[in-house]
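Reviewing the structure listed below.
Number of protein chains: 4
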Amino acid sequence: SKYAYVRNYELSDSLLPGCFLVCRLDGHSFHKFSEEHGFAKPNDKRALELMDRAAMDVMTEYKDIVLAFGESDEFSFLLRRSTDLYNRRQAKILTALTSYFTSCYVFHWSKYFPDTPMRYPPSFDGRIVLYPDERSVRDYFAWRQVDTHINNLYNTVFWALVQQGGKTTAEAHATLSGTASAAKHEMLFQQFNINYNDISARYKRGSVLVQVKKARTMVEVLHCDIIRDEFWKARSYVLAG
Amino acid sequence: SKYAYVRNYELSDSLLPGCFLVCRLDGHSFHKFSEEHGFAKPNDKRALELMDRAAMDVMTEYKDIVLAFGESDEFSFLLRRSTDLYNRRQAKILTALTSYFTSCYVFHWSKYFPDTPMRYPPSFDGRIVLYPDERSVRDYFAWRQVDTHINNLYNTVFWALVQQGGKTTAEAHATLSGTASAAKHEMLFQQFNINYNDISARYKRGSVLVQVKKARTMVEVLHCDIIRDEFWKARSYVLAG
Amino acid sequence: SKYAYVRNYELSDSLLPGCFLVCRLDGHSFHKFSEEHGFAKPNDKRALELMDRAAMDVMTEYKDIVLAFGESDEFSFLLRRSTDLYNRRQAKILTALTSYFTSCYVFHWSKYFPDTPMRYPPSFDGRIVLYPDERSVRDYFAWRQVDTHINNLYNTVFWALVQQGGKTTAEAHATLSGTASAAKHEMLFQQFNINYNDISARYKRGSVLVQVKKARTMVEVLHCDIIRDEFWKARSYVLAG
Amino acid sequence: SKYAYVRNYELSDSLLPGCFLVCRLDGHSFHKFSEEHGFAKPNDKRALELMDRAAMDVMTEYKDIVLAFGESDEFSFLLRRSTDLYNRRQAKILTALTSYFTSCYVFHWSKYFPDTPMRYPPSFDGRIVLYPDERSVRDYFAWRQVDTHINNLYNTVFWALVQQGGKTTAEAHATLSGTASAAKHEMLFQQFNINYNDISARYKRGSVLVQVKKARTMVEVLHCDIIRDEFWKARSYVLAG
Ligand SMILES: Nc1nc2c(ncn2[C@H]2C[C@H](O)[C@@H](COP(=O)(O)OP(=O)(O)OP(=O)(O)O)O2)c(=O)[nH]1
Ligand SMILES: Nc1nc2c(ncn2[C@H]2C[C@H](O)[C@@H](COP(=O)(O)OP(=O)(O)OP(=O)(O)O)O2)c(=O)[nH]1
Ligand SMILES: Nc1nc2c(ncn2[C@H]2C[C@H](O)[C@@H](COP(=O)(O)OP(=O)(O)OP(=O)(O)O)O2)c(=O)[nH]1
Ligand SMILES: Nc1nc2c(ncn2[C@H]2C[C@H](O)[C@@H](COP(=O)(O)OP(=O)(O)OP(=O)(O)O)O2)c(=O)[nH]1
Ligand SMILES: O=P(O)(O)OP(=O)(O)OP(=O)(O)O
Ligand SMILES: O=P(O)(O)OP(=O)(O)OP(=O)(O)O
Ligand SMILES: O=P(O)(O)OP(=O)(O)OP(=O)(O)O
Ligand SMILES: O=P(O)(O)OP(=O)(O)OP(=O)(O)O
Ligand SMILES: [Mg+2]
Ligand SMILES: [Mg+2]
Ligand SMILES: [Mg+2]
Ligand SMILES: [Mg+2]
Ligand SMILES: [Mg+2]
Ligand SMILES: [Mg+2]
Ligand SMILES: [Mg+2]
Ligand SMILES: [Mg+2]
Ligand SMILES: [Mg+2]
Ligand SMILES: [Mg+2]
Ligand SMILES: [Mg+2]
Ligand SMILES: [Mg+2]
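And the structure:
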């Protein structure tokens, strides 16, 4: 039609070739969403497994995602350097992953929260960041996993102080302010007899999803260290192309 | 942490001030999704009303959307020229709308398809296009509505030929190839006694959602002409800022 | 050759249709360049006329530039909204104008500075900014002309205090700090018997270059007000398309 | 002033960290410029040396340029991966290099063409391309040098056929169409007694400029192979950061 000229306003948004793509999704206002749906504190196993499930579905659908890492209300997806998904069109890739992840989250909700009806539809924001080399990709994932560790340690002591120690949240906050990592470990052990090392790897390390080239399972879920070399050396195909 | 430098790879993606933003969403592989869920042909009222519902929720949540237009598996949202939503960060706006629309679609599914369980999670792609002036915005919406009209007329005759005329889809296709609009109207009337004008405005014109400044309802759903001036003159606030 | 794949790393950089393009050039380190070449203070007529000449050559070469405004070491070029120059490729337009302006500046130098050999090659930075409507374009040029006025008034008094009043630059600076426009006018008149209104329009208002549709001259140089409506009304073709 | 809001229309254009930057300049309509100024065919030593000189000045001014390659009317500059020049702002870097190169070309013209006054101001277009790794950077330069070789061989035979063989340009073109490299070498040798290997390295290989860390000279001009490993291994600092 004579109106079709408006398509010319759609500009190309191709992503630079030769770079790794990281797409990070993060729950929109999950502070509120987790409250409204009674998420356990500091970590709700059901909520985290639902996140993993949505991410696994995304990886099953989009095979160019070679690795993913999840914690809290966020997930990061690594697309291989040479991916040609949607001709590397930024908006297409970004919305395909964000939309499908969201859809899976809502779709599978009742399997993970059988007794908690969803009260309103959650959503996720998304962004794509380019990393030109293996070093920066690895540092990206290290950044997220270190964040997981720091937050989890803090939250674990915080909620122990509140739930078992009878403190108000303001008091717990004040108690922890300025304390180093070692002090938090000690507080946990001394006051609550909790050995931080015994806490589930899922909570301490987040979720690592990798494409595996086996017959049946396609995506593997791990809760392992991705900061040191070991993980990466054993799976050199992850960054291979 | 020492890894935090990776955040520097996130580049600014602010959208030009002073332009209208149009965000168009489109169902991913809805050819298959509609088949798998038994959508009526050519138009499934439940499916279209579910789209409207998701769009209405999006507009209720994001008040800077002043107008939306839906047809088939797509919806276009107009954000006012001066919107400051997420500081006009492109990825934030794009994923917020795409994700929330998707979420609402899945969330409300069972209300519109009470007898049809969702078989797998649907998704939507999204894009944002900038339009610098009222003329191009209006032409954008005219482009979509003319498309609705053309497709609907074609599909209406096509499925009449198949469902009532006993033709194969290949035969129907061949019969229609090259015919003008008037010929299609006549075919409908002569062979199937269908007056195209009697067909529901929803199908002929798509869905127009506007923010209304009344007490209770906030979003109004119309199936009216948005190509001519009348609609726009009666609602000058839509393009006002 | 097998290396030609590297061209794929060149990404599209098309500028949004329907917007005015403003390209602003600014002399690189002209503080130093003007010192080294003995520019008169506060305004060097030769230097400003050379800038005008380079700009005029640019407009003669690139007819889609409908208006230009110059002051000090900078020039702003307005390309018409519908320009299709280099298919609106940003880098092409930006470098074509910047390079040609620079070339003309060096090329014509000796005509304007017959007694001052160029000591080293000057350069200019450039940028392109999009403006979606007439209001913002006009405000852009008003912004530059108001800047001209403010700087010129300041510099005129400043150098009068130094050159005629025998102050050091530090003293002149201190004397002027915080003074309003009226006070500066008065100071000029009282102490130096200079009526600011008598100062050349070139210095007070900068240079306005417009394409004129006459037989012989193609570009007209004016030193008129471009903030009020009058200029624009008399030349409606400037913003017409 | 109240107009200063127009600055908000200037959007950020930062280049992705961690990538090499290549800035390629190319003479605007040098087909005409070389004709008008009587450049020798196929290669004009003066013109090529002037290009080298302008490039050398650019590298002396901008130390983050670690390597440059020139041929014909073009020059490519490699900025080190970690450069922070102008905070990696694209337009600033692009115009700074393009403008300064142009300025030097005009400024030095009369030294290289003492008997040929410049008839009109030449200009150069410029672009910046990002390369994420050493492989693609090296392939970029290989692409340019292979291009030099192919063009030079062609042009050498072509102009021998015309200038010494008495053919028209159309005949020369026809004679060469479809011939392989070896055939061209032979034609040169048989018909004109020219051994292609004896031709100046400058013409066969173009100009390679590298920053050298010695006491006095800062930029070195070579006409060596940059396709094979040797050049790069001997200067690992070029791609080091
Ligand atoms: N109780 C509980 N809350 C969780 C869990 N996982 C995530 N959350 C909540 C706690 C945080 O308030 C929130 C994640 O923090 P964010 O920085 O993403 O903030 P939020 O999503 O509220 O805002 P945003 O829209 O991302 O800016 O999600 C969980 O397992 N249990
Ligand atoms: N039966 C039926 N199908 C519909 C209805 N609305 C949309 N569809 C289907 C018909 C089309 O095949 C499809 C929309 O066309 P598209 O061009 O968006 O194609 P599709 O979504 O398959 O691919 P895409 O991922 O968008 O490239 O959705 C409906 O009301 N009834
Ligand atoms: N004496 C004299 N100086 C002038 C004249 N026109 C411009 N200039 C000088 C004064 C200013 O220091 C300089 C323009 O200011 P800018 O803000 O552009 O600074 P500059 O070019 O030094 O640095 P930049 O590279 O643009 O950041 O040029 C003139 O007519 N006479
Ligand atoms: N005679 C002669 N011509 C040369 C020499 N170096 C470059 N040229 C001319 C020959 C080519 O026509 C032209 C370079 O080709 P380009 O593809 O860059 O074309 P041109 O600059 O004409 O157009 P453009 O504005 O770059 O699209 O410059 C030389 O040493 N001698
Ligand atoms: O947690 P992030 O990475 O999303 O960072 P933020 O501080 O929430 O900022 P934004 O989402 O606005 O980029
Ligand atoms: O229908 P559209 O507008 O999405 O156009 P398309 O032909 O599907 O193309 P794409 O979705 O790849 O932009
Ligand atoms: O004078 P401008 O407009 O160039 O503004 P600036 O303060 O010099 O900043 P920059 O040149 O770095 O954009
Ligand atoms: O020779 P190049 O690389 O400039 O390539 P081109 O074919 O001239 O194309 P353009 O200059 O338009 O990018
Ligand atoms: Mg965030
Ligand atoms: Mg969140
Ligand atoms: Mg979060
Ligand atoms: Mg599409
Ligand atoms: Mg679709
Ligand atoms: Mg569609
Ligand atoms: Mg500046
Ligand atoms: Mg300057
Ligand atoms: Mg300046
Ligand atoms: Mg070119
Ligand atoms: Mg050229
Ligand atoms: Mg060339």
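Listed in order, the protein sequences are those of chains A, B, C and D. The opening residue of the first sequence carries number 1 in my numbering; numbering runs sequentially from there. The opening residue of the second sequence carries number 1001 in my numbering; numbering runs sequentially from there. The opening residue of the third sequence carries number 2001 in my numbering; numbering runs sequentially from there. The opening residue of the fourth sequence carries number 3001 in my numbering; numbering runs sequentially from there. The C-beta atom is built at its ideal place from N, Cα and C for all residues, glycine as well. This structure is a prediction, so every number in the text was calculated from the model and none was measured.
Check, Outcome
"When DSSP labels each residue in this structure, what does Q190(A) get in the three-state scheme?", "helix"
"Just list the beta strand (DSSP E) runs in the region 3112 to 3192 of chain D, keeping only unbroken ones of 3 residues or longer that don't cross its boundaries, in chain order.", "3124 to 3131"
"Using the Cβ count rule (16 or more neighbours within 10 Å means buried), how would you classify Q1190(B)?", "exposed"
"Of all the options V58(A), Y112(A), N87(A), which has the alpha carbon lying nearest to the alpha carbon of F75(A)?", "V58(A)"
"Between R2024(C) and ligand 7, is the CB less than 8 Å from at least one heavy atom?", "yes"
"Check whether the region 2081 to 2090 of chain C touches the region 2013 to 2020 of chain C, taking contact to mean three or more Cβ pairs, one atom from each stretch, closer than 8 Å.", "yes"
"Closer than 8 Å by C-beta to M56(A): which residues in its own chain qualify, once you throw out the five before and the five after it? Chain order, please.", "L209, V219, V221"
"May I have the straight-line CA-CA distance separating T1998(C) from A3004(D), to the nearest angstrom?", "Outside the displayed range of chain C (2001 to 2241) lies residue 1998(C), so it cannot be described from this structure."
"Could you please give the first and the last residue of the uninterrupted beta strand (DSSP E) stretch that includes S3200(D)?", "Looking at the DSSP string, S3200(D) is not in any beta strand (DSSP E), and its letter there is neither H nor E."
"Beta-carbon within less than 6 Å of Y985(B)'s beta-carbon, same chain only, minus the 5 sequence neighbours each way: which residues are those?", "Since the first and last residues shown for chain B are 1001 and 1241, residue 985(B) lies out of range."
"Less than 7 Å between C-beta atoms, sequence neighbours within five positions excluded: which residues of the same chain meet that for M187(A)?", "V157"
"Give me, in chain order, the residues of the same chain whose beta-carbon lies closer than 6 Å to that of V238(A); leave out the 5 immediate sequence neighbours on both sides.", "V66, L67"
"List the endpoints of the continuous beta strand (DSSP E) containing S2034(C).", "Per DSSP, S2034(C) belongs to no beta strand (DSSP E); it is in the alpha helix (DSSP H), 2030 to 2036."
"From the beta carbon of R7(A), is the nearest beta carbon of chain B less than 9 Å away?", "yes"
"Please report whether the beta-carbon of P17(A) lies at a distance below 9 Å from any beta-carbon of chain C.", "yes"
"What are the start and end residues of each continuous beta strand (DSSP E) run of 3 or more residues lying completely inside the region 39 to 103 of chain A, in chain order?", "65 to 71, 74 to 79"
"Is H28(A) near ligand 2, in the sense that its beta carbon is under 8 Å from a heavy atom of that ligand?", "no"
"Assign G241(A) to buried or exposed, taking buried as 16 or more other Cβ atoms, counted over all protein chains shown, within 10 Å of its Cβ.", "exposed"
"Check whether the region 35 to 49 of chain A touches the region 93 to 100 of chain A, counting contact only when three or more Cβ pairs, one atom from each stretch, lie closer than 8 Å.", "no"
"Looking at R3138(D) and L3094(D), is the spacing between their C-beta atoms short of 9 Å?", "no"
"Taking just the CA atoms, how far does G3166(D) sit from S3014(D)?", "54 Å"
"Along the region 72 to 100 of chain A, what residues have a CB closer than 7 Å to any CB found in chain B?", "A91, K92, L94, T95, A96, T98, S99, Y100"
"Could you run through the region 2167 to 2188 of chain C and flag, in chain order, every residue whose CB is less than 9 Å away from some CB of chain A?", "none"
"Please go through the same chain and pick out, in chain order, the residues whose beta-carbon is closer than 7 Å to the beta-carbon of D225(A), but skip the five residues on each side of it.", "R205, F231"
"S3014(D) by DSSP, collapsed to three states: which one?", "strand"
"Let me know if S3103(D) comes out buried or exposed under the rule of 16 or more other beta-carbons within 10 Å of its beta-carbon.", "buried"
"Listing by chain order, which chain B residues have their CB less than 9 Å from the CB of S3012(D)?", "L1011, S1012, D1013, S1014"
"Measuring alpha carbon to alpha carbon, tell me which of N3087(D), L3048(D), D3052(D) ends up nearest D3064(D).", "N3087(D)"
"Going by alpha carbons, who is nearest to S1200(B) out of G1178(B), K1002(B), T1148(B), R1228(B)?", "T1148(B)"
"For E3036(D) versus Y3120(D), is the C-beta distance shorter than 9 Å?", "yes"
"Quick one: what's G2027(C) bridged to in DSSP?", "F2124(C)"
"Under 9 Å, do L1085(B) and G1070(B) count as touching if we go by C-beta distance?", "no"
"To the nearest angstrom, how far is the alpha carbon of G3178(D) from that of F3077(D)?", "33 Å"
"According to DSSP, is R1110(B) helix, strand or coil?", "The question names Arg, yet the displayed sequence has Ser at residue 1110(B). It is helical."
"Within its chain, find whatever has a CB closer than 7 Å to the CB of L2161(C); leave out the 5 residues flanking it on each side and keep chain order.", "K2167, A2172, T2175"
"Give, in chain order, every residue of the region 1114 to 1135 of chain B whose Cβ lies closer than 9 Å to some Cβ of chain A.", "M1118, Y1120, P1121, P1122, S1123, F1124, D1125, G1126, R1127, I1128, V1129, L1130, Y1131, P1132"
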